[in-house]
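Comments concern the structure below.
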Amino acid sequence: MGTGARGAGGRTGGTRVAAARTVDGRVRVDTAGGLLACRRLPDEDGTVRVALVATEALLLAGDDVRITVDVGADVALEVVEVTGTVAYDMQGGSAAWAVDVRVGAGGRLVWDALPFVVATGARVHRTATLDLAEGACAVLRETFVLGRTHEAGGHLTTTTRAHLADRPLLVETLVVDPAAWADPAVLGGNRCLDTVTVLGARLDGDDLPGPCDVPGRDVLQLDRPGTLVRSVGTDAHTGDLCEVVTRARRAASGGRPPARVG
């Protein structure tokens with residue numbers, strides 16, 4: 000994934016994606032690029048698709064990436080990442096990555112993110128805040144990789160806070176660093192942590208055909224509608240959760256017919 004890139008850093012950029020239904024029933028998409036540019040992709044089965052494309056090397060020391068996603072009522076939006084992200088050696092510095100998501104009633108968001116690699120010397124604080132209205136659903140995938148090949152990896156702290164219908168749904172903080180790699184209760188010698196988070200819907204029955212039988216895979220059912228499926232592995236392809244994302248899309252749609260977009 001390239002050699003260690005060290006630049007000036009210290010960049011702040013806000014990226015915004017907003018999709019809302021107009022009075023004639025179509026969906027209008029507004030975007031604004033920052034350190035990540037937005038590119039409209041062809042719609043699929045009534046789902047609006049927007050790609051995020053890095054405009055410069057990410058992440059460097061001092062970078063502050065901010066992404067806002069606003070999904071209107073009864074709108075289906077998919078955020079597509081074109082490439083993964085590498086947090087490079089920050090030589091004592093740090094970087095931040097913040098995502099703020101709002102999904103209106105009956106709306107749906109799918110964000111199947113590509114691997115986020117934390118190189119040795121990197122220090123990153125990621126936050127994700129999600130506010131879902133009644134009947135809304137979000138499917139998020141995150142794959143964290145501790146270090147590039149032959150590296151011990153850096154330090155990543157990631158916090159997720161989600162509300163559904165103005166009530167708490169999920170609050171979780173994870174620390175991924177060399178100590179977590181060695182801890183049998185966290186990564187247990189594995190360098191990759193792959194997670195699919197479903198909020199506003201629950202995966203069970205046919206949606207999860209024997210996931211607990213797969214080595215390194217665990218399922219957590221939230222108290223309210225939501226499911227976390229988590230897998231650890233030696234690389235980003237071990238314990239891959241692509242099939243879980245596919246089933247999560249189906250659960251999130253709830254059998255609703257595709258919406259008209261334009």
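Number 42 in numbering that gives the first Met the number 0 belongs to position 43 of the sequence shown; there are no gaps in the numbering.
All C-beta atoms, glycine included, are put in the ideal place defined by N, C-alpha and C.
Local conformation of residue i per DSSP, three classes
| i | result |
| --- | --- |
| Ala250 | helix |
| Glu242 | helix |
| Pro167 | strand |
| Pro177 | helix |
| Gly204 | helix |
| Glu77 | strand |
| Gln60 | It should be noted that the sequence gives Ala, not Gln, for residue 60. Note: Ala60 maps to coil in three-state DSSP. |
| Leu227 | strand |
| Leu155 | strand |
| His149 | coil |
| Thr54 | coil |
| Gly13 | strand |
| Val185 | coil |
| Gln220 | strand |
| Thr21 | coil |
| Pro210 | Unreliable positioning characterises Pro210 in this predicted model, as indicated by a pLDDT of 49, which lies under 50. A coordinate reading is not provided. |
| Gly1 | Residue placement at Gly1 cannot be trusted, given a pLDDT of 33 that sits under 50; the coordinates are not used to answer. |
| Ala258 | For Ala258, the predicted model reports a pLDDT of 45, less than 50, meaning its position is unreliable; a value from the coordinates is still stated below. Three-state DSSP puts Ala258 in coil, outside helix and strand. |
| Ala104 | coil |
| Ala137 | strand |
Spatially closest choice to residue i from the options, by CA coordinates
| i | options | result |
| --- | --- | --- |
| Gly232 | Val81, Thr196, Asn189 | Asn189 |
| Thr21 | Gly71, Arg160, Val244 | Gly71 |
| Asp222 | Ala181, Val243, Asp130, Leu163 | Leu163 |
| Asp44 | Arg15, Ala19, Ala75 | Ala75 |
| Arg101 | Leu186, Asp73, Ala95, Ala179 | Asp73 |
| His124 | Val78, Gly134, Ala151, Arg65 | Arg65 |
| Thr158 | Ala112, Gly152, Asp99 | Asp99 |
| Asp111 | Glu80, Asp217, Asp63 | Glu80 |
| Ala17 | Arg38, Val244, Trp96 | Arg38 |
| Pro224 | Gly199, Arg216, Gly204 | Gly199 |
| Gln90 | Leu129, Gly253, Phe115, Gly61 | Gly61 |
| Asp63 | Ala86, Ala94, Asp88, Val78 | Ala94 |
| His154 | Gly32, Val197, Pro177 | Pro177 |
| Val263 | Ala161, Ala151, Asp217 | Residue 263 lies beyond the residue range present for the chain, which begins at 0 and ends at 261; the question has no answer from this structure. |
Local Cβ density within 10 Å of residue i, reported as buried at 16 or more and exposed below that
| i | result |
| --- | --- |
| Pro183 | exposed |
| Pro210 | Only weak support exists for where Pro210 lies, its pLDDT of 49 falling under 50; the value from the coordinates is given anyway. When all chains shown are included, Pro210 counts as buried. |
| Thr194 | buried |
| Pro181 | As written in the sequence, residue 181 is Ala, which differs from the Pro given in the question. With fewer than 16 Cβ atoms within 10 Å of its Cβ, Ala181 is classed as exposed. |
| Pro167 | exposed |
| Asp165 | exposed |
| Arg25 | exposed |
| Leu202 | buried |
| Leu40 | exposed |
| Glu55 | exposed |
| Val47 | buried |
| Thr14 | buried |
| His149 | exposed |
| Cys136 | buried |
| Val170 | exposed |
| Thr142 | buried |
| Leu34 | buried |
Bridge-paired residues (DSSP) for residue i
| i | result |
| --- | --- |
| Asp324 | Residue 324 lies beyond the stretch modelled for the chain, which goes from 0 to 261, so this question has no answer here. |
| Arg160 | Thr128, Val170 |
| Thr84 | Phe115 |
| Leu192 | Phe143, Val231 |
| Ala95 | Asp63, His124 |
| Ala31 | Arg15 |
| Ala36 | Val52 |
Presumed contact (8 angstroms Cβ cut-off) between residue i and residue j, rounded CB distance
| i | j | result |
| --- | --- | --- |
| Val144 | Cys191 | 5 angstroms |
| Leu58 | Thr82 | Incorrect: roughly 13 angstroms between the Cβ atoms, too far for contact. |
| Val49 | Thr30 | 6 angstroms |
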